[in-house]
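For the sequence shown, numbering that gives the first Met the number 0 assigns the number 0 to the initial residue and increments by one for each residue that follows.
Yeah, the Cβ is synthetic: ideal placement off N, Cα and C, and Gly gets one too.
Structure first, commentary second.
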Amino acid sequence: MSAETTLFLLVSVPDTRRQAFETALAWARADEHLPFSCLLRHTAFGTGGTLEFRPSKRHGIDTDECPDDEGLVLSIWGEFDEAEDLAAWLCRHGAEGRVIQHSRDGDAEAWGWEFRGHRIRRLRLSQASR
């Protein structure tokens, strides 16, 4: 059983890769065998060019944020065992940015992935000392 986390999507796609990315995104959204296809079906590009979530209580895509005028948010919460696969897929298809997970269990644990130029690295985030 996985833990409940908040998943942050801090991702953009360079203009030179945007068309190819959108084609790959359409295929991935339709591929029921991808463990993160449901997450991709609830993403959209905001006016600033960032890929963001479109929450849907009906589909279990919940958020603590107030959606913007386009109905988009940067974070959703739930059980996301597929977050690392999502980050790898975004990287492989030319996206740049970070996917961050933050535990909702009160232990302040956070981790994620940062990617750019088809390279990815795992992040282990910790509280700053005072």
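| Query | Result |
| --- | --- |
| Simplified DSSP state of G103, which is helix, strand or coil | Correcting the residue type first, residue 103 is Arg in the shown sequence and not Gly. R103: coil per DSSP, three-state reduction. |
| Simplified DSSP assignment, three categories, for D84 | helix |
| Reference R103; option with closest CA among R91, R115, D63 | D63 |
| Rounded C-alpha distance that separates E31 from C37 | 8 Å |
| Endpoints, alpha helix (DSSP H) assigned at E21 | 17-29 |
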